[in-house]
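**Student:** One structure is given below, represented as structure tokens, and several questions about it will come after.
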Amino acid sequence: MTSRPQQPKDKPDGDVATLVRPKIKPPSQYQVLMLNDDYTPMDFVVYVLVSLYHKSIEEAVEIMLQVHHQGRAICGIYPFEIAETKVTQTMELARAEQYPLRCTLEKKP
Ligand code: TYC
Numbered sequence: 221m222t223s224r225p226q227q228p229k230d231k232p233d234g235d236v237a238t239l240v241r242p243k244i245k246p247p248s249q250y251q252v253l254m255l256n257d258d259y260t261p262m263d264f265v266v267y268v269l270v271s272l273y274h275k276s277i278e279e280a281v282e283i284m285l286q287v288h289h290q291g292r293a294i295c296g297i298y299p300f301e302i303a304e305t306k307v308t309q310t311m312e313l314a315r316a317e318q319y320p321l322r323c324t325l326e327k328k329p
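Counting the sequence shown from 1 gives a position; my numbering is that position plus 220.
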């Protein structure tokens, strides 16, 4: 994407030497973290990681085991609104099966 150079207010239009390009920051990224619990079946967590986070079975098993052993793991990194949607969709799938699976999002450092 390109941005139109901004004219400084005190300079006349078309004074090419004094054009200022506004600094455009890339959007912040957010990590979706899955949290462990004692009740959600492992195969359901793998299913969620494959279907919502587009992981391969092998990656999904690895992430699920990381959560199981360490309490949490990153399942994906997205712009805020997508991360928020992933969290909601994960909770909805779990809730439909009455599993207590939880996930959360954190701004990527
Ligand atoms: N600890 C769960 C069990 O033993 C498995 C599990 C893994 C649950 C990852 C949640 O995010 C999770 N059935």
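Glycine included, every Cβ here is placed at the ideal spot set by N, Cα and C.
Beta-carbon separation of residue 297 and residue 249 under 7 Å?
**Tutor:** Your numbering for residue 297 matches position 77 in the sequence shown. Your numbering for residue 249 matches position 29 in the sequence shown. A contact, by the Cβ cut-off of 7 Å.
**Student:** Please classify residue 315: does DSSP put it in a helix, a strand, or coil?
**Tutor:** Position 95 of the sequence shown holds residue 315. Helix.
**Student:** For residue 314, is the classification buried or exposed, using 16 other Cβ atoms within 10 angstroms of its Cβ as the cut-off for buried?
**Tutor:** Residue mapping note: residue 314 aligns to position 94 of the sequence shown, counting from 1. So residue 314 counts as buried.
**Student:** Would residue 266 and residue 281 be called neighbours here (beta carbons separated by less than 7 Å)?
**Tutor:** Translated into the one-based positions of the sequence shown, residue 266 becomes position 46. Translated into the one-based positions of the sequence shown, residue 281 becomes position 61. A contact, by the Cβ cut-off of 7 Å.
**Student:** In the DSSP assignment, find the unbroken alpha helix (DSSP H) run with residue 267 in it and report its ends.
**Tutor:** What you label residue 267 is simply residue 47 of the sequence shown in a count that begins at 1. Counting along the chain, the alpha helix (DSSP H) containing residue 267 begins and ends at 262 to 271.
**Student:** Who are the Cβ neighbours of residue 309 in its own chain at under 8 Å, not counting the five residues just before and after it?
**Tutor:** Here residue 309 is taken as the residue at index 89 of the sequence shown, counted from 1. Once the five neighbours on either side are set aside, the close Cβ partners of residue 309 are 272.
**Student:** Considering only their Cβ atoms, is the gap separating residue 254 from residue 293 smaller than 7 Å?
**Tutor:** Within the sequence shown, residue 293 is the residue found at index 73, counting from 1. Within the sequence shown, residue 254 is the residue found at index 34, counting from 1. Their beta carbons are under 7 Å apart, which means residue 293 touches residue 254 by this criterion.
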